[in-house]
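Peer 1:
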Amino acid sequence: MNDPLEDQLRQLRPGALPARLRARIATPPEQEKIVHFPWWKVAAGLAAAACVILFAWFHQTMQRTENVPILFTETPSSEVFHSRRMGVVTDGGQRAWQIIKVERVEGQIFVADFSGITVLTQRIRHELVPVEIHFD
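In our numbering, the protein residues as written are 3 to 138.
#1: Which one of T77, F116 and T92 has the shortest CA to CA distance from P132?
#2: Tell me whether the beta-carbon of R127 lies closer than 8 Å to the beta-carbon of R106.
#3: Classify G89 as helix, strand or coil using the three-state DSSP reduction.
#4: Return helix, strand or coil for I55, following the three-state DSSP convention.
#5: Quick one: what does DSSP say V131 is sitting in, helix, strand or coil?
#6: Mind checking which residues open and close the beta strand (DSSP E) that includes Q33?
#7: Evaluate contact between the segment 71 to 86 and the segment 105 to 125, counting only Cβ atoms and requiring at least three cross-stretch pairs below 8 Å.
#8: For H61 and E32, what's the separation of their Cα atoms in angstroms?
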(Lines of atoms letter the chains of each structure in order from A and count residues from 1; the text may use other names and numbers.)
(Lines give C-alpha, C1' and ligand atoms only; values in the text may rest on other atoms or scores of the structure.)
Protein backbone atom coordinates (compact mmCIF):
# COMPACT_ATOMS: atom_id res chain seq x y z
CA MET A 1 0.00 0.00 0.00
CA ASN A 2 1.70 3.08 -1.18
CA ASP A 3 -0.02 6.17 0.01
CA PRO A 4 1.27 9.40 -1.58
CA LEU A 5 0.71 11.35 1.67
CA GLU A 6 2.91 8.95 3.62
CA ASP A 7 5.64 9.28 0.96
CA GLN A 8 5.52 13.05 1.28
CA LEU A 9 5.73 12.88 5.08
CA ARG A 10 8.81 10.62 4.90
CA GLN A 11 10.59 13.15 2.68
CA LEU A 12 10.05 16.04 5.12
CA ARG A 13 12.99 17.10 7.29
CA PRO A 14 12.79 18.98 10.60
CA GLY A 15 13.06 22.76 10.44
CA ALA A 16 15.53 24.99 12.29
CA LEU A 17 14.96 25.65 16.01
CA PRO A 18 13.99 29.16 17.05
CA ALA A 19 16.87 31.29 18.40
CA ARG A 20 15.34 31.66 21.88
CA LEU A 21 14.97 27.91 22.28
CA ARG A 22 18.56 27.31 21.09
CA ALA A 23 19.81 29.90 23.62
CA ARG A 24 17.92 28.22 26.50
CA ILE A 25 19.24 24.80 25.58
CA ALA A 26 22.82 26.12 25.29
CA THR A 27 22.92 27.74 28.76
CA PRO A 28 24.06 25.51 31.64
CA PRO A 29 21.36 24.48 34.11
CA GLU A 30 20.84 26.68 37.15
CA GLN A 31 21.78 25.50 40.61
CA GLU A 32 18.93 23.67 42.23
CA LYS A 33 17.19 25.64 44.89
CA ILE A 34 16.41 23.48 47.88
CA VAL A 35 13.16 24.62 49.42
CA HIS A 36 12.76 23.30 52.94
CA PHE A 37 9.24 22.37 53.90
CA PRO A 38 7.96 24.75 56.61
CA TRP A 39 7.27 22.23 59.37
CA TRP A 40 6.72 24.99 61.89
CA LYS A 41 3.63 26.04 59.89
CA VAL A 42 2.27 22.49 60.10
CA ALA A 43 2.92 22.42 63.87
CA ALA A 44 1.25 25.80 64.32
CA GLY A 45 -1.76 24.64 62.29
CA LEU A 46 -2.11 21.45 64.32
CA ALA A 47 -1.88 23.38 67.59
CA ALA A 48 -4.55 25.81 66.41
CA ALA A 49 -6.80 22.92 65.33
CA ALA A 50 -6.34 21.24 68.72
CA CYS A 51 -7.29 24.48 70.48
CA VAL A 52 -10.43 24.82 68.37
CA ILE A 53 -11.43 21.19 69.05
CA LEU A 54 -10.85 21.56 72.81
CA PHE A 55 -12.79 24.81 72.89
CA ALA A 56 -15.71 23.23 71.02
CA TRP A 57 -15.67 20.18 73.31
CA PHE A 58 -15.57 22.24 76.53
CA HIS A 59 -18.24 24.58 75.19
CA GLN A 60 -20.49 21.62 74.34
CA THR A 61 -20.03 19.96 77.75
CA MET A 62 -20.65 23.23 79.55
CA GLN A 63 -23.89 23.77 77.63
CA ARG A 64 -24.98 20.19 78.18
CA THR A 65 -24.55 20.38 81.97
CA GLU A 66 -26.50 23.63 82.15
CA ASN A 67 -29.40 22.58 79.96
CA VAL A 68 -30.03 19.02 81.20
CA PRO A 69 -33.12 18.84 83.39
CA ILE A 70 -32.80 16.52 86.37
CA LEU A 71 -35.66 14.52 87.80
CA PHE A 72 -35.54 14.16 91.59
CA THR A 73 -38.18 12.36 93.65
CA GLU A 74 -38.19 11.21 97.24
CA THR A 75 -40.74 8.67 98.39
CA PRO A 76 -41.22 8.26 102.11
CA SER A 77 -42.82 4.85 102.18
CA SER A 78 -43.06 2.16 104.77
CA GLU A 79 -43.63 -0.71 102.39
CA VAL A 80 -42.72 -4.19 103.65
CA PHE A 81 -40.91 -6.08 100.95
CA HIS A 82 -39.68 -9.11 102.89
CA SER A 83 -40.68 -10.90 106.08
CA ARG A 84 -39.47 -14.14 107.57
CA ARG A 85 -40.48 -16.12 110.68
CA MET A 86 -37.58 -16.42 113.07
CA GLY A 87 -39.08 -18.40 115.92
CA VAL A 88 -41.54 -18.53 118.77
CA VAL A 89 -41.01 -17.10 122.25
CA THR A 90 -43.13 -17.82 125.33
CA ASP A 91 -43.24 -16.09 128.70
CA GLY A 92 -43.50 -19.39 130.51
CA GLY A 93 -47.23 -18.96 131.00
CA GLN A 94 -50.18 -18.73 128.70
CA ARG A 95 -48.80 -16.24 126.17
CA ALA A 96 -46.62 -16.88 123.10
CA TRP A 97 -45.17 -14.60 120.47
CA GLN A 98 -43.99 -15.33 117.03
CA ILE A 99 -40.86 -13.31 116.15
CA ILE A 100 -40.88 -12.06 112.56
CA LYS A 101 -37.94 -10.37 110.88
CA VAL A 102 -39.36 -7.57 108.71
CA GLU A 103 -37.50 -5.62 106.06
CA ARG A 104 -39.21 -2.44 104.99
CA VAL A 105 -38.31 0.46 102.75
CA GLU A 106 -38.32 3.60 104.86
CA GLY A 107 -37.70 5.92 101.95
CA GLN A 108 -36.20 6.01 98.53
CA ILE A 109 -34.62 8.68 96.39
CA PHE A 110 -34.64 8.55 92.60
CA VAL A 111 -32.46 10.91 90.58
CA ALA A 112 -32.32 10.83 86.77
CA ASP A 113 -31.31 13.03 83.90
CA PHE A 114 -32.29 12.68 80.27
CA SER A 115 -28.83 11.53 79.16
CA GLY A 116 -29.53 8.11 80.72
CA ILE A 117 -27.85 8.37 84.13
CA THR A 118 -30.12 7.19 86.92
CA VAL A 119 -29.57 6.65 90.63
CA LEU A 120 -31.95 4.91 93.04
CA THR A 121 -31.13 4.80 96.72
CA GLN A 122 -33.27 3.07 99.33
CA ARG A 123 -33.20 3.25 103.09
CA ILE A 124 -34.07 -0.23 104.33
CA ARG A 125 -34.96 -0.92 107.94
CA HIS A 126 -34.54 -4.37 109.47
CA GLU A 127 -36.53 -5.03 112.60
CA LEU A 128 -37.75 -7.93 114.66
CA VAL A 129 -41.48 -7.70 115.32
CA PRO A 130 -43.19 -9.81 118.00
CA VAL A 131 -46.66 -10.97 116.96
CA GLU A 132 -48.81 -12.45 119.71
CA ILE A 133 -50.20 -15.91 119.02
CA HIS A 134 -53.80 -16.36 120.12
CA PHE A 135 -55.06 -19.83 120.91
CA ASP A 136 -58.83 -19.86 120.57
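Where a beta carbon is used, it is the ideal one built from N, C-alpha and C, also for glycine.
Peer 2: Taking the definition as stated:
#1: T92
#2: yes
#3: strand
#4: helix
#5: strand
#6: Note, Q33: premise wrong, no beta strand (DSSP E); not H, not E.
#7: yes
#8: 55 Å
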